[in-house]
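Residue numbers for the sequence shown follow this note's numbering, so the first one is 82 and each next one is one higher.
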Amino acid sequence: MEMDFKFWQTFKSCEFARWKINPKWKWFTSTHNNAPNSGVTEKREHLYKILVIGELGAGKTSIIKRYVHQFFSQHYRATIGVDFALKVLNWDPNTIIRLQLWDIAGQERFGNMTRVYYKEAVGAFIVFDVTRSATLDAVVKWKQDLDSKVQLPDGSPIPCVLLANKCDQSKEGLANSPGKMDDYCKEKNFVGWFETSAKENINIEEAARFLVNKILQNDQIMKGNGAQDQVDGERFALNQSPTGSKKSCAC
Ligand SMILES: Nc1nc2c(ncn2[C@@H]2O[C@H](COP(=O)(O)OP(=O)(O)OP(=O)(O)O)[C@@H](O)[C@H]2O)c(=O)[nH]1
Ligand SMILES: [Mg+2]
């Protein structure tokens, strides 16, 4: 009961905020130009929903906290339902990207709310714990759950990056072999994988940049296909201040 209440409180306020911004929030892109026809470069703003999923205790919340708040705690407090975080990126001088990160509790794999949570996501991280190979075994189930419940407008799977987290500790099983991890990711249709550590701040920014690049590529393709009306007529105030041993593979 408490979980449902918490979820709907957060979900409703989030829904409200996004409708206030733009009803087409999923692939939302806005252009901003103070002086039309003046030759001033247009500012672009994107808002993307990204899922962070994986087994209990794999480090999803820790990764998000590190990425968004530059903070890490050893203390484990299981996420209940879903949590949200917003990361704002000054991608380039003309582009601002807002990432809405959905931190979905590991225990949700056994629930039936994931279809609701996954709706309209355009990218995902699946996180496992390199010290517990059972969390990698469960990755396939998370990937299947994801692919069966959310797709891009053209029906293709949303780009998904695998994060081998807690790489500051000794590894168990497949996580010890980067070559096998490459093969695994190709076979399971991940766009790439990264060894990460929320504790030591390893590869989290890199993994996020990699996923955002994939999302932007898809965005471009969608625009090219004319599958979605990308440019919304609304204008935005872009003067808000933004908040704000490597192994990896781009498969
Ligand atoms: N050594 C180490 N510990 C980590 C790392 N990331 C997370 N942890 C620890 O692992 C435990 C679980 O982390 P969480 O981020 O809460 O895991 P979660 O995936 O959000 O778990 P659920 O919310 O239950 O699904 C915590 O005690 C963290 O401090 C890491 O990179 N290295
Ligand atoms: Mg959590």
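Even for Gly, the Cβ is constructed at its ideal location relative to N, Cα and C. Computed from a predicted model, the values in this text were never measured in an experiment.
Contact annotation: A219 and E276 have beta-carbon atoms that are not nearer than 7 angstroms. Following the DSSP letters along the chain, one finds T142 inside the alpha helix (DSSP H) bounded by residues 141-150. For I302, the secondary structure class from DSSP, reduced to helix, strand or coil, is helix. In the DSSP secondary-structure assignment, A288 is not bridged to any residue. In this structure, F209 lies near A139, with their beta-carbon atoms less than 7 angstroms apart.
Residue burial is scored here from C-beta neighbours: G305 has fewer than 16 other C-beta atoms within 10 angstroms and is therefore classed as exposed. Our two residues, I302 and L292, have alpha carbons roughly 15 angstroms apart in a direct line. T160 has its CB nearer than 6 angstroms to a heavy atom of ligand 2. The beta-carbon separation of I239 and A205, rounded to 6 angstroms, stays under the 8 angstroms limit for a contact. In its chain, beyond the 5 residues on either side, K247, Q250, S251, K252, E253 have a beta carbon closer than 8 angstroms to the beta carbon of T212.
In the displayed model, L137 falls within coil according to three-state DSSP, outside both helix and strand.
Using a 10 angstroms sphere on the CB of E189, the tally of other CB atoms reaches 16 or more, which defines it as buried.
If you check the CB distance, K269 and K224 come in under 7 angstroms. Relative to ligand 2, K252 has its C-beta separated by 6 angstroms or more from all heavy atoms. As the crow flies, the alpha-carbon of I185 is around 16 angstroms from that of K168. Where L217 is concerned, the enclosing alpha helix (DSSP H) starts and stops at 214-218. At a cut-off of 6 angstroms, the beta-carbon of L243 does not count as near ligand 1: no heavy atom of the ligand is closer than that. The DSSP-derived three-state label of L255 is helix.
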